[in-house]
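Worksheet for the structure shown next.
Number of protein chains: 4
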Amino acid sequence: MRKVCVVVLSRANYGRIKSALRAIRDHPDLELQLVVGASALLEKYGSAVDIIRKDGFEPDARIHIIIEGENPTTMAKSTGLGLLELPTIFESLRPDVVLTVADRFETISTAIAATYMNIPLAHVQGGEITGSIDDSVRHAVTKLAHVHFPATKLSGERIIRMGEEPGRVHVTGDPAMDILAETSLEIDNDLFKRYGGVGPTLNLKKPYLLVVQHPVTNEYENALAQINETLHAVYDFKMPTIWLWPNVDAGSDRISKGIRMFREKYGPDFIHFFKNFSVEDYARVMNNSACVVGNTSSSLREGAFLGAPTVNIGSRQNGRERGANVIDVGYDRNAILAAISRQVEHGRYESDHLYGDGKSGKRIADILATCELNVKKRMTY
Amino acid sequence: MRKVCVVVLSRANYGRIKSALRAIRDHPDLELQLVVGASALLEKYGSAVDIIRKDGFEPDARIHIIIEGENPTTMAKSTGLGLLELPTIFESLRPDVVLTVADRFETISTAIAATYMNIPLAHVQGGEITGSIDDSVRHAVTKLAHVHFPATKLSGERIIRMGEEPGRVHVTGDPAMDILAETSLEIDNDLFKRYGGVGPTLNLKKPYLLVVQHPVTNEYENALAQINETLHAVYDFKMPTIWLWPNVDAGSDRISKGIRMFREKYGPDFIHFFKNFSVEDYARVMNNSACVVGNTSSSLREGAFLGAPTVNIGSRQNGRERGANVIDVGYDRNAILAAISRQVEHGRYESDHLYGDGKSGKRIADILATCELNVKKRMTY
Amino acid sequence: MRKVCVVVLSRANYGRIKSALRAIRDHPDLELQLVVGASALLEKYGSAVDIIRKDGFEPDARIHIIIEGENPTTMAKSTGLGLLELPTIFESLRPDVVLTVADRFETISTAIAATYMNIPLAHVQGGEITGSIDDSVRHAVTKLAHVHFPATKLSGERIIRMGEEPGRVHVTGDPAMDILAETSLEIDNDLFKRYGGVGPTLNLKKPYLLVVQHPVTNEYENALAQINETLHAVYDFKMPTIWLWPNVDAGSDRISKGIRMFREKYGPDFIHFFKNFSVEDYARVMNNSACVVGNTSSSLREGAFLGAPTVNIGSRQNGRERGANVIDVGYDRNAILAAISRQVEHGRYESDHLYGDGKSGKRIADILATCELNVKKRMTY
Amino acid sequence: MRKVCVVVLSRANYGRIKSALRAIRDHPDLELQLVVGASALLEKYGSAVDIIRKDGFEPDARIHIIIEGENPTTMAKSTGLGLLELPTIFESLRPDVVLTVADRFETISTAIAATYMNIPLAHVQGGEITGSIDDSVRHAVTKLAHVHFPATKLSGERIIRMGEEPGRVHVTGDPAMDILAETSLEIDNDLFKRYGGVGPTLNLKKPYLLVVQHPVTNEYENALAQINETLHAVYDFKMPTIWLWPNVDAGSDRISKGIRMFREKYGPDFIHFFKNFSVEDYARVMNNSACVVGNTSSSLREGAFLGAPTVNIGSRQNGRERGANVIDVGYDRNAILAAISRQVEHGRYESDHLYGDGKSGKRIADILATCELNVKKRMTY
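If you read the protein sequences in the order shown, they are chains D, X, C and P. Sequential numbering from 1 applies to the first sequence in my numbering. Sequential numbering from 382 applies to the second sequence in my numbering. Sequential numbering from 763 applies to the third sequence in my numbering. Sequential numbering from 1144 applies to the fourth sequence in my numbering.
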């Protein structure tokens, strides 16, 4: 019985890995261990831990590691704090393999803790390219990991080109797609009751925009100016809009401030701001939106599967594989506005399995149950 | 005037980078900032900081980060502690570029702190392969670094194959070779007065062995058995021997214990144990030894330059480039003994510039003064 | 020339110690070293560091130590982080004496770091009693400190009764009073321009309330209900009101949430919310208010000096010495409302020098320049 | 069923609390939780954790917190690390009360973590006076603690004089005495087989000295000179001697170095050095020794109960209550030598119950099961 310890450090992490968590828990040869920490514990970022528990997963440990400041210094220090906490927890849980997800800054602490402690490390979503600091984190984690679960064929090839042994690379697709395949994606207006937020109640049976724009960590000083362009474009488009608050990266306080200042000044009466949704509700909101606007990877990934018309702003997703559903624009209110118009007019795209076919979680669990777990890896050249 | 911050976390780090430190300090367009920490501060590991100061370098900051335990858990936690401390220091020193050396476990904290804080990171000695956990650290640091100073042509090619932009890769040679080129390598018996240690005073004008054997971090549970084989081989060879205590990795306490137990039991009267030498004295000791025994990378690297006959034991240097001066053996007292005999008989080898021509420090400083320092890097495929 | 290192970890700390900072800096036999950290660095809590720099003090070091969560677990951990950071800084600054202020949870890290490093510790504002967790912190710091600067005669006597040597106890008064004595306390409406905040612009020449209510750390689960009572009382009183956001203690997110919910629901058009004022502006706002409402110690301390009518709510100030200007009430909207009415009707009280005569900063600097600094202290019984 | 969490951070802590651990575990209304950390985990300090487990206690959590350096800076930082680790563990164990022991520097992290998390804190051995830095720690912990278990009547009175509520103070005696009362104190020579150590095997049926000398933390720069005086006195007395290595405080490396240098130089053939004993064996060794020499508190405490002739050197025990069995001397080889002679001649003293009657552990458990556990405490004046 292999003990698989999954470390979830943000709400995005959880959305990405949820179906794999379930498949691991339900696998006869696996035992699930769950560590929840960082922004996944914070009310300010939507208390992912509450959603996780409501979904039936009880954390074996919790780690508070986010040092306030939301700047590059505290990003680094928070990661250091993670790396102080996780070894104590791994020593107590004694997992046979640790599973880490994607590329957020603090996830490298999971990778280092496991690797240094001679615990095999599995990594979901390696090999992708996006053009941000996340690239460095993601590829560094790849060089530490012992088992790779890339989402796309191209990502898998990149991992092998980086010198990883091909036998350790398993193209499983992204487990985030599984949720889309399983869930009824019809939307209802209870959303407003369930999640609160601020702003008017919208009629989601009518066309609406979904906006999700995060700070770009190596451009964080421009975060305020960048969000302003999007705010003005959306304000001018005048379609009912669901807007999600940004994540915890350096710069997020500037984005939040920008949004708050805009609200005070323009008091837009057709935009509703939410902190967070469950994974399923987020899928519903995206699936029924007339257009997704911002720079979230989900509109390229889940968006491909759902065929959601997307306006992708700025450099955050540079280099990430994308399907036909995406139009790219710069930080410019006019360009953003024009792209939104085009996408709303075009409507829904064909579903594209680029990032997974909806069966990835099960696949990951099966491989974890049977693959060789060997910490001595060799570069292939 | 670019501020170059060099972070030195062990005596080995310092030996490796010393000539570059000098070249940076003396360069008209560079300002040297020096952070010294981890085992480089500890008496137990030879107080490298004292040597550093005697060499005329005054640390701008010191960080105590080694958590006691000498096991994989504390290795990970110590690295986390480094990652908590360094951002505070970088925020205060505001370097234009951070220089990190090689691949010891705690050095990844330097790499992450700099990268997350958007400070360009230069890395000396990337691209090598050794077969130990250090490989993962070294390659992960490569994926974080913005400027690469590999020692050998082959290492440089590997870095490029890993997806790094070729314009960021500069094959400079290893600055550790510079010391060898500059120093008078004649030996005298003052060594015993200067460094103390325990055991008899040896006549270094006559043939002697040099033994340096570190723990292998992912085999650390066997460290005691492994060192015993070497101890018996050396004991049977009966040639005067200089033996260096191991470094601070997981397992070093077992090696130390093994040595102490052996001493208590056999009381060998021809072995002298030292804690540490200055970089120059270490070169002298190696240059004049009849044979170097153990698993230190220096016998492959400096050993090539000096033509020092070497018996390399076990897996620690697997995959590392080597010249004609090395015979590889397993953890077996008979094999070790036989190889020592052969090497002592063979005597000195030709000098081989595989790892550098003795001018690397200057080269590194010149590049740091002029190269583009851009934190936005892209994978090349 | 004695080096005096003052550690300021919150905006309240700074307000309390400002005049002493100036007196130390200007003293011919003293050199001021300043460390700023914790919530004093955070925009969310009013970026005290910006005010400090505008006042002409340049921090020698900054430490980010607040771990997000705002609960008892993260309060403890943040203190631990302070205790990891400060020794590195003290080792670099090498102060002859460290000065710590009052009793906030994270200040004990300053006290421990200094004491353990054999650096004499001076403590401003020991010996008081308030009935909250702060009592334990304050008295524990007293038992660590080597020089005591209590504000009141009674506090000084308590310190001596706790076993401290009388020769180490100097009743100096609270330096916070100095600001009141020196500053022109006339108010103008530029406040709204200078500090922004949210809500209507008020006419401060007419009567207004000042509300400052912090969470009570060992009742933090009731913070939401407690703030609601105050909100309703103030809402019913219908006098223009200046309201300050709470500090960073456990429970502050609940208070913030309560305020936000109230605003969304009732949209009060006569309350203006501010994040923070400079020390001087805060004194002006208090001095001109018709009544101070809440649980801030400043309304008992500065309030006594200014004769400001005060309604003190709940247990947070239990046991603190108070003058005639204070009416105490429980967490009950009706009682609060009645007390506000009475105080507004009563108007200004006589000035009371209970907490200082306005010359404390100078007194503290003089003593620090001349007193014996001996870390070997003995309990007197 | 109350959950009592005991935090053991050194071998001395464990010896002191062992009988209480057993009584808590066996109490029908209590559940024992055990956290072991700091030097109690380190081989170098005798791996107390191994003894603890052999005694049948399985730790619920382990924390590595000792940062290498053995100087005041790392003492402070190690305490900070403890304060980072313990809240995570308390959050997971959810104890109803935390029990902390005595006064070593790192124990204040236990006290702060519990107090800040609103967990009632019980403290064993408060109220004593010794004249060292430990005094400050001990009294600061008293001001944080909610339940006090002093060893002596005088200590209990001091706690009350410091302002603690009398109802919270229970004079239980020191549970370390319980071991003495229960154990057969006959000695045998198997000691040398069981504990190894270095030096000759001694005949313990004949008179021997026991030496235990720790560094004095605020005199740690003189540690080397101080130990030298003792070494010479013992060397001159020429009686077979059992010598214990010092604990982990600042200065211990200097003492260790002093001992090693002395050994190399004089090669005394009648001194055997041990790292550590079980609590019982330590009692046996003390009980049968002709004289205890050094500065350990055990020779004043356990020594009183056993009537062991004691020569107490220097300032470390200043102010500690003592019985008739103790002669105090300064750091002077002649004075030490003379005192040893007098004590050996005098022989065994009467047993004195000053520090406990041998039933303290049970008493502590009974009180913990029934006392009010209220975190809101008030100073009594």
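Note that the Cβ used here is the ideal one computed from N, Cα and C, for glycine as well. Please read these numbers as outputs of a predicted model, since none were measured by experiment.
- Among the residues of chain P, those whose CB is under 9 Å from the CB of residue 842(C) are 1222, 1223, 1224, 1225, 1226, 1227, 1228, 1229, 1230, 1252, 1255, 1256, following chain order.
- With a cutoff of 8 Å on beta-carbon distance, residue 1219(P) and residue 845(C) are scored as near each other.
- Within 9 Å of the CB of residue 444(X), the CB atoms of chain C belong to 850, in sequence order along the chain.
- Residue burial annotation: residue 1096(C) is exposed, with fewer than 16 other C-beta atoms found within 10 angstroms of its C-beta.
- Taken through DSSP and simplified to helix, strand or coil, residue 708(X) comes out as strand.
- Around the CB of residue 885(C), 16 or more other CB atoms lie within 10 Å, so the residue is classed as buried.
- Residue 582(X) does not reach chain P, its nearest Cβ partner there being about 13 Å away, counting only Cβ pairs nearer than 8 Å.
- Residue 807(C) and residue 1261(P) have their alpha carbons spaced roughly 24 Å apart.
- Contact of residue 925(C) with chain P is assigned, a C-beta pair being separated by under 8 Å.
- DSSP, read as helix, strand or coil, puts residue 577(X) in coil.
- If you draw a straight line from the Cα of residue 140(D) to the Cα of residue 933(C), it is about 58 Å long.
- Our two residues, residue 1141(C) and residue 1180(P), have alpha carbons roughly 30 Å apart in a direct line.
- If you ignore the 5 residues before and after residue 630(X), its C-beta comes within less than 6 Å of the C-beta of 596, 598, all in its own chain and listed in chain order.
- For the segment 592-622 of chain X, the set of positions with a beta-carbon nearer than 8 Å to some beta-carbon of chain P is empty.
- The Cβ atoms of residue 9(D) and residue 138(D) lie no closer than 8 Å to each other.
- Per DSSP, residue 115(D) has no beta bridge partner at all.
- Put simply, the backbone Cα of residue 1469(P) is about 14 Å away from that of residue 1498(P).
- Residue 962(C) counts as exposed, since fewer than 16 other beta carbons sit within 10 angstroms of its beta carbon.
- In this structure, residue 1436(P) and residue 1387(P) do not form a Cβ contact; the two beta carbons are roughly 11 Å apart against a cut-off of 8 Å.
- For residue 412(X), the enclosing beta strand (DSSP E) begins and ends at 411-418.
- According to DSSP, residue pairing for residue 693(X) in a beta bridge involves 675(X), 709(X).
- Looking at the DSSP output, residue 646(X) shares a beta bridge with no other residue.
- In the assembly as shown, residue 472(X) is a buried residue. Its beta-carbon has 16 or more other beta-carbons within 10 Å.
- Taking C-alpha positions only, residue 1079(C) is separated from residue 1204(P) by approximately 38 Å.
- For the pair of segments examined, the segment 1095-1111 of chain C was found to touch the segment 1058-1071 of chain C: the number of CB pairs separated by less than 8 Å reaches three.
- Looking only at 535(X), 664(X), 501(X), 449(X), the smallest Cα-Cα distance to residue 386(X) is reached by 501(X).
- For residue 539(X), the CB contacts under 7 Å within the same chain, skipping 5 residues up- and downstream, are 508 in chain order.
- Comparing alpha carbon positions, the residue from 588(X), 579(X), 710(X) closest to residue 657(X) is 579(X).
- Counting only runs of 3 or more residues that sit fully inside the segment 934-999 of chain C, the beta strand (DSSP E) segments are 971-974, in chain order.
- Taking the Cα positions, residue 637(X) is about 34 Å away from residue 1350(P).
- In this structure, residue 651(X) lies near residue 622(X), with their beta-carbon atoms less than 8 Å apart.
- Annotated three-state conformation of residue 384(X) is strand, per DSSP.
- About 6 Å separates the CB atoms of residue 1243(P) and residue 1150(P); that is less than 8 Å, so the two are in contact.
- Under the 8 Å criterion on CB atoms, residue 73(D) is classed as interfacial with respect to chain C.
- Residue pairing of residue 829(C) in beta bridges, as defined by DSSP: 67(D).
- Of the candidates 272(D), 301(D), 336(D), the residue whose Cα lies closest to the Cα of residue 129(D) is 301(D).
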